[in-house]
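Novice:
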Amino acid sequence: MRALAVIPLAFVAGAIASRIALRWAPAAIHASILSQPLPVATDWGAFGAVLWCVAAVTLAIAAGTYVAALRGAPGLSIAAVLASGAAALCAAWLFPVWFSSDVYAYATYGELARLGANPYAHQVLPHGNAVFEAAFPQWGNPPPVCVYGPLFVEIARVLVQIAAPLGVRAQLDAFRLLASVSLLACTGLAYLAAGGDRPRGVAAAVAIGLNPVLIWTAAEGHNDAVMMAIVLASFVALRRYGPGVAAFVAALAALVKIPGAIAAVGIAIAASGGGRKRAIAAWLGALAGLFFASVMLRPWADGIVHQIAGRGHYDPQASFQGIFAFRPELAISLAALAAAACAAYGALMLRKGEPDGWCALALGAWLLIPNPYPWYGLWVVAAALLAPRGRFSQTLMLLALLTPLRYLPDVAATLGPVSSAALAVLASLPLLRLFRPRATSADSAIISAP
């Protein structure tokens, strides 16, 4: 258990190294840091690459202990895992500069909701508001339309309002605190979802709570941990209340972030193989939850259709599609074919009773993401808990550990075609693991299907 201390210590060392590096930052970057309530590195050139390397080394050192902890999980206690995860989160907060501006967007949407404005509308924001003024350098004016569900918008409104007397930095940190607490909640919920099987429960807790990339993204404030806490709560409900309640709860995750709804469908599909009564209960729960979510998501849907659709720019980075970015039609076609192959193989595995089939489906969905940012890693790590010893599961875990590569083009500078392709190849190397001999994983699920 003492070895778990390496993870928080790695973050402490990385934070110290970053602060030392800032002493040699160019004057323009110093001015940028001082002007931001929460410093974010964006297009900082060579110095941005230096800060990224410090963070990458930090995460790599922590990842070594993380992998060892996964292998030795049966010998750990849930208390030790939670304590180490909490310490690592506190240590990660010591970093002076971050690589994502998402919390500025969250605060903007919360402030719009507080003022009675529509965060799902594309609009020029007035000057003179401290939250908006802080977000303009990060996102421009008008900022992007909100793509999150109404539950998260309401949470954002409450956080912005409560922290307002303490200033913009406190309002931004409120989202970081929410994400950090949510990741700890995910750790505990993953343990409970194992249904009393202590070794598997601890392994699930380790997989989520000690993953250095997930710790970093939680400290950055990303709301994926909030969404995943609801999803994992649905698996706890599955054990205690059955697939109907579980599917309904899972659907509510869409009110934070839309991909959460996938879990409701997955629970219903899995329950279909457990008897007619369970299948009916699961599908009724899923449909009821999705119907309720769809009604609540009406403003979100209007914003997507009228404000966002057709405005996106295809620019894959650090992904399977990024390898072929020089030919967008080829990249999209190959990704679609690979995703279809994963889906077909996953369905075949599930018919044979092998839970790694769920991980194959998750991998197919992952291949369709042109820009797999690190905070998306929580999605695939959670999926990997369904069959932790399977090839697809382990591939997902490795892909998640390499997602910080996606930060590099944003932090340093836009990469050229060759460099971008090389980065994409590096990020996709875990896919080679799929060609190793297949291992049976039917009895290895941490979170069991219905």
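Taken in order, the sequence shown gives residues 993 to 1442; the numbers are from the numbering used here. Ideal placement from N, C-alpha and C gives every residue a C-beta, glycine not left out.
Per DSSP, which residues does W1275 bridge with? Please list them.
Specialist: W1275 is not bridged to any residue.
Novice: Between the Cα of L1355 and the Cα atoms of K1344, L1390, R1343, E1321, which residue gives the shortest distance?
Specialist: Comparing Cα positions, the closest option is L1390.
Novice: Provide the residue(s) that pair with W1090 in DSSP beta bridges, ordered along the chain.
Specialist: W1090 pairs with V1032.
Novice: Can you tell me the Cα-Cα spacing of R1125 and P1134, whole angstroms?
Specialist: Rather than Arg, the amino acid found at residue 1125 in this sequence is Glu. Going by the C-alpha atoms only, they are around 11 Å apart.
Novice: For M1341, collect the residues of the same chain with a Cβ closer than 7 Å to its Cβ; drop the 5 residues on either side in sequence, then sort them by chain order.
Specialist: Excluding residues within five positions, the ones whose Cβ falls inside 7 Å are D1348, G1349, A1352.
Novice: Looking at the structure shown, is L1107 part of a helix, part of a strand, or coil, going by DSSP?
Specialist: Residue state, collapsed to three classes: coil.
Novice: Output yes or no for whether 9 Å exceeds the beta carbon distance between F1405 and G1132.
Specialist: The sequence shown places Ala at residue 1405, rather than the Phe named in the question. No, the pair does not count as a contact, with Cβ atoms beyond the cut-off.
Novice: What residue from P1129, A995, V1241, A1336 has the CA that sits closest to A1054's CA?
Specialist: Nearest of P1129, A995, V1241, A1336 to A1054, Cα basis: A995.
Novice: Would you call P1442 buried or exposed, if buried means 16 or more other Cβ atoms sit within 10 Å of its Cβ?
Specialist: Residue placement at P1442 is poorly supported in this model, since its pLDDT is 47, which falls under 50; the coordinates still yield a value, given next. Per the 10 Å Cβ criterion, buried.
Novice: For A1048, which residues of its own chain have a beta-carbon under 7 Å away from its beta-carbon, when the five flanking residues on both sides are left out?
Specialist: So the qualifying residues of the chain are P1396.
Novice: For C1334, collect the residues of the same chain with a Cβ closer than 6 Å to its Cβ; drop the 5 residues on either side in sequence, then sort them by chain order.
Specialist: Taken in chain order, the residues that qualify are A1352, L1355, G1356.
Novice: What residue from L1104, G1213, P1157 has the CA that sits closest to L1164's CA?
Specialist: Among L1104, G1213, P1157, the Cα nearest to that of L1164 belongs to G1213.
Novice: Pull up the distance between the alpha-carbon of V1297 and that of Y1112, whole angstroms please.
Specialist: Between V1297 and Y1112, the C-alpha separation is close to 10 Å.
Novice: Three or more C-beta pairs closer than 8 Å, one from the segment 1021-1034 and one from the segment 1079-1097: is that the case here?
Specialist: Taking 8 Å as the limit for Cβ pairs, the verdict is that the segment 1079-1097 does touch the segment 1021-1034.
Novice: When the Cα atoms are used, what is the spatial distance from G1201 to A997?
Specialist: Looking at the two C-alpha atoms, the distance is approximately 13 Å.
Novice: Which residues in the same chain as G1193 place their Cβ atom closer than 6 Å to its Cβ, once the five residues preceding and following it in sequence are excluded?
Specialist: Y1183, A1186.
Novice: On the CB-based measure, 16 or more other CB atoms within 10 Å of its CB, does R1383 come out buried or exposed?
Specialist: Label assigned to R1383: buried.
Novice: Below 8 Å, how does it come out for the segment 1271-1284 and the segment 1166-1175: are there three or more Cβ pairs, yes or no?
Specialist: Because the criterion of three Cβ pairs below 8 Å is not met, the segment 1271-1284 and the segment 1166-1175 do not touch.
Novice: Kindly confirm or deny that the segment 1410-1418 and the segment 1315-1332 touch, where touching means at least three C-beta pairs closer than 8 Å.
Specialist: The segment 1410-1418, when compared against the segment 1315-1332, does touch it at the 8 Å Cβ threshold.
Novice: For the alpha helix (DSSP H) that E1171 lies in, which residues bound it at each end?
Specialist: Reading off the sequence, residue 1171 comes out as Ala, not Glu. Run containing A1171: 1160-1185, per the alpha helix (DSSP H) assignment.
Novice: Output the boundary residues of the alpha helix (DSSP H) element that contains C1138.
Specialist: Unbroken run through C1138: none, as it is neither H nor E.
Novice: Going by beta-carbon coordinates alone, are P980 and L1393 separated by less than 9 Å?
Specialist: Nothing about residue 980 can be reported from this structure: the residues present for the chain run from 993 to 1442 only.
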